[in-house]
Every structure is written in structure tokens, then in C-alpha cells.
Amino acid sequence: MKIVVYNLGCKVNQYECDSIVKALKEKGHQVSENLEFADTYILNTCAVTNEAERKSRQCIERCLKFNENAKIFVLGCASQNNAKQFLQKDNVQYVIGVANKMSIIDSFEKVGEEVAELPTKYEDDFSPSINRTRAYIKIQDGCNRFCTYCLIPYLRGRSRSRSIDSVVEEVKSLASKTKEIVITGIDLSYFGKDIGCTFTDLINKLQDINCRIRLGSLEVSLITDELLQALRGLKDFCPQFHLSLQSGDDNVLKRMNRHYKTQDFEKEVNLIRSYFPDAAISTDIIFGFPGETDEEFENTLSFMKKIGFMQVHIFPYSKREGTVAAKLKQVDGAIKKDRCKIAEALAFKLKQEYMTKMLDKKLEVLIEEEKDGFFEGYSKEYIRVKVKKANINEIIDVIAKDIDKDAIIAEVE
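Its first residue numbered 1, the sequence shown is counted upward by one per residue in the numbering used here.
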């Protein structure tokens, strides 16, 4: 049977999809992760925004364009939030939620809806294959933060951690098969709090790993001297820190129920740069949060400049029913759109400034593809780099020479 396993969500979803793909292949199925003709489609959905949930529903129609007789199976955050929205769609045979995702591989005869209770302990039944240049490893699930704009704690459940021994065992296995490992979770900052250890404890256990190691999204509260010392001790750490900001105004942060102020964020960024001077700092920012004034918007722009982010993922606020923020006074849609456009222009300028600082420096690049006459990949700082001559899936040292939009043109050293 030809099966497509398609991810519509985050890196955690991707890790789960990789595990499903591996299990299906072991059962003898032909499996693809691209939207193409198949007998069966498994869709791992997202509900972080209204748009993400809409795209999850829309994906069903996209599948049916390839095969109008296909069977469709849905799982993930969007189906956890509202299973009925998928069961009403043509050809959707079976829907589960966030729990027991691996059970889908034995559920092709099932019909209807079976959204189980959210787990209270980490589900350790995932075992992904390596089918891309970098591998993801999930070490934590769930969230305890309850930010006023976010549904994820309600859809993923409370924070739960994987054992350090299990993580180390998988990292060692992956390191022999891939060039880069990305450590990911719904909220890495909570890792270990439920099982009596810390994220720094885990990093200290990975000191002998001969593979590039990159971290997923972090909360600024995780940044300490102890963690940064441990990261500096890794044999091949990628100094890119994705620190979730969400707003550069303290009043907005308070309304969001984010437990830090901009001065705290700035302090930890400065601490990172004391250990890794060329570290790339990336972030997520929501614009048009309920009640956001012109002054609060300008404060966020000013803070973006102050930090000097390498990359900013910009989102218009998305109203999610069931959250506290949905009950607050909403910002007009046109204003949200205008603010995002202004912020995107600034984010592009800041990225250009960061890349300019990297010119004439040596970068270590993992080559991933050949495109338009260049071999392309990402540096440890997660800068997209283009070179004229290389081999796919190799790591090379280059000298940054020029900037082409959002990438650096480099020469092999």
C-alpha cells in the first residue's frame, strides 16, 4: 500500500512523523512524505493559529486531488481541538488526537473518532528513521505556561519529560547516521522538572557526541552560565539560539502572561554573546495582540533593533476561542496587517546587518541541496549559504564573501 505521511506542524510533529514513516516501512508499505498520489494519507495537524488549523482542513482537499478514492487519517493538535471538523470531510475515515499517535500504523481498518485522554507521562514509543540531512530528537512534550493567546497546553497536555538515558541512547544512534541533530520539544525549558533533572544535566551527558547539535526553541529563563558552559563543552555545538520573545513591550508581555520583562530578555542575550560572540539570536513575535497600542508596537520595533536579531518569525495575533486573550479587546485586522508588514521590513534589515558582520569570516556549512547553479546549506549559525562547488550532505569550511537577499555567497576555504 502506498501511504503519504504529511506534517502540517512543528519540529515535534516532524519527529513523530519520522517515527510513523519508519514503522510503516518496516511493515512493508511504500511511504512518502510529499503530497502525491497514494492509497492512504496520514495528516499530522497543527492548531497553533487559526490559519494553521485552516491549512490542516484544506490539506484534505489537496490529497483528494491526487486520489479521489483515497482513505484519509487525521491526528494531531487540530483534531485534538476539534475532531468533528475533519470527520465532516470527504474520505476522512478515522481521527485521533495527540495521544497514542503511533497507534495509527495499526488503525487502517478503524472508522470514526477516538480522541484519547492526554497522557500524563512522556510517551516513549517513537523511533524515527533518518531520511533528511538533519535529524530531530524529541525530548519533552506538553506545556505548563498557559500564555493567554495559546491553546497548546490544552491540546498537548502538561509538560512531561523523556528520561536522559533514553535521549542519550537515541542521540548516539543518530550521530552515526546524520550530520546534525536538533533537540526539540514543546517547551524545552521545562525538561526534567517532572523527573528530577535539568536540561543542563542532559547537555552534560552529550559532551562526547561527534555530531553537530542544535537546540530548538527556548524560553529565556533557561539561559544560565551553567547551561552555556555545558553547551560550550560540546564537541560540535551550533550557536544559534531561538528565544521565544512574543513582544518587545513589557505591558503586552504581562497581558500575554509571559513571565519575564524585556530587560530580562536582553540580559540573557548579552550572557549568550559573552560565551558565543557571533551567536545568531532568532525569535518569534506576535503583532496586533489584543490592546496593543501604537506605542507598544513602536516599543517592540525598538527592542528588535536593540537586540539585533538574526531572524524574526512574525505572526499576526490569531484569536483562539477558549483562551483568555480571545475575550480581550481585539486589534483591527488591517492594523495587524500593516504592523506585520513594517516589522517584516525591519526583520529583513536586521538579518542583512547580521550577515554583513559575518562577511570575511569562516563558516562551517552543511550542504543540503543543489539549486540554481549553487550548492546550498546552513552554517552553524543557521545562515543559508551558497557555494559553487560542493557535495550534498557534506560539511565544508567556507569564507563568507557577499550577500544575496537572505543568504550568504561564500567561497570554499
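Where a beta carbon is used, it is the ideal one built from N, C-alpha and C, also for glycine. Remember, predicted model here, so these are calculated numbers, not experimental data.
Residue range of the alpha helix (DSSP H) that includes residue 153:
Residue 153 -> alpha helix (DSSP H) spans 152–156.
Cutting at 7 angstroms between CB atoms, please list the residues of its own chain near residue 355, excluding the five before and the five after it.
For residue 355, where only same-chain residues beyond five positions count, the Cβ hits under 7 angstroms are 383, 403, 408.
For the beta strand (DSSP E) containing residue 200, name the first residue and the last one.
DSSP places residue 200 in no beta strand (DSSP E) but in the uninterrupted alpha helix (DSSP H) bounded by 199–204.
Within the same chain, show all residues whose beta-carbon is closer than 6 angstroms to that of residue 116, passing over the 5 residues directly before and after it, in chain order.
Closer than 6 angstroms at the Cβ level, and outside the excluded window around residue 116, lie 99, 100.
Spatial neighbours of residue 283 in its chain, beta-carbon cut-off 6 angstroms, leaving aside the 5 residues before and after:
Beyond the five residues adjoining it in sequence on each side, residue 283 comes within less than 6 angstroms, by CB distance, of 243, 245, 309, 312 in the same chain, given in chain order.
Run the CB neighbour count on residue 267, radius 10 Å, all protein chains shown included, and call it buried at 16 or more, exposed below.
Exposed, by the Cβ-count rule.
Would you report the Cα separation of residue 226 and residue 372, rounded to the nearest angstrom?
Near 44 angstroms, if we compare the C-alpha coordinates of residue 372 and residue 226.
First and last residue of the alpha helix (DSSP H) that includes residue 233?
Its alpha helix (DSSP H) spans residues 225–233.
Where does the unbroken alpha helix (DSSP H) through residue 275 begin, and where does it stop?
Per DSSP, residue 275 belongs to the alpha helix (DSSP H) from 262–275.
Report buried or exposed for residue 277, applying the criterion of at least 16 other Cβ atoms within 10 angstroms of its Cβ.
By the C-beta density criterion, residue 277 is exposed, having fewer than 16 other C-beta atoms within 10 angstroms.
On a Cα-Cα basis, can you pick out the residue from 286, 410, 186, 194 that is closest to residue 14?
Considering only alpha carbons, the answer is 186.
Starting from residue 349, follow the alpha helix (DSSP H) in both directions and report where the run begins and ends.
Annotation: the continuous alpha helix (DSSP H) that includes residue 349 extends over 333–358.
Between which two residues does the alpha helix (DSSP H) carrying residue 15 extend?
Where residue 15 is concerned, the enclosing alpha helix (DSSP H) stretches over 11–26.
Starting from residue 185, follow its DSSP beta bridges and name the residues at the other end.
DSSP lists 140 as partners of residue 185.
Please list, in chain order, all residues of the same chain as residue 4 whose beta carbon is under 6 angstroms from its beta carbon, the five residues on each side excluded.
Taking C-beta separations shorter than 6 angstroms and ignoring five residues to either side along the sequence, the partners of residue 4 in its chain run 32, 38, 41, following chain order.
So, at 8 angstroms on beta carbons, what are the nonlocal neighbours of residue 199 in its own chain, with the 5 sequence-adjacent residues on each side left out?
Annotation for residue 199: 188, 189, 191, 192, 222, 227 place their beta carbon closer than 8 angstroms to its own, counting only its chain and skipping 5 residues before and after.
Residues sharing a beta bridge with residue 85, DSSP:
According to DSSP, residue 85 bridges with nothing at all.
Can you tell me the Cα-Cα spacing of residue 26 and residue 105, whole angstroms?
Our two residues, residue 26 and residue 105, have alpha carbons roughly 11 angstroms apart in a direct line.
Can you tell me whether residue 430 is buried or exposed? The criterion is at least 16 other CB atoms within 10 Å of its CB, across all chains shown.
Lying before the first or after the last residue shown, residue 430 is absent from the chain, which here runs from 1 to 413.
Please tell me whether residue 209 and residue 265 are closer than 9 angstroms, where the distance is taken between their beta carbons.
Their beta carbons are not under 9 angstroms apart, which means residue 209 does not touch residue 265 by this criterion.
Rounded Cβ spacing between residue 46 and residue 10 (contact assumed at less than 8 angstroms)
Right, their Cβ atoms sit about 7 angstroms apart.
On a CA-only basis, which of 57, 340, 241 is nearest residue 292? Give me that one, please.
Ranking the options by Cα distance to residue 292, first place goes to 340.
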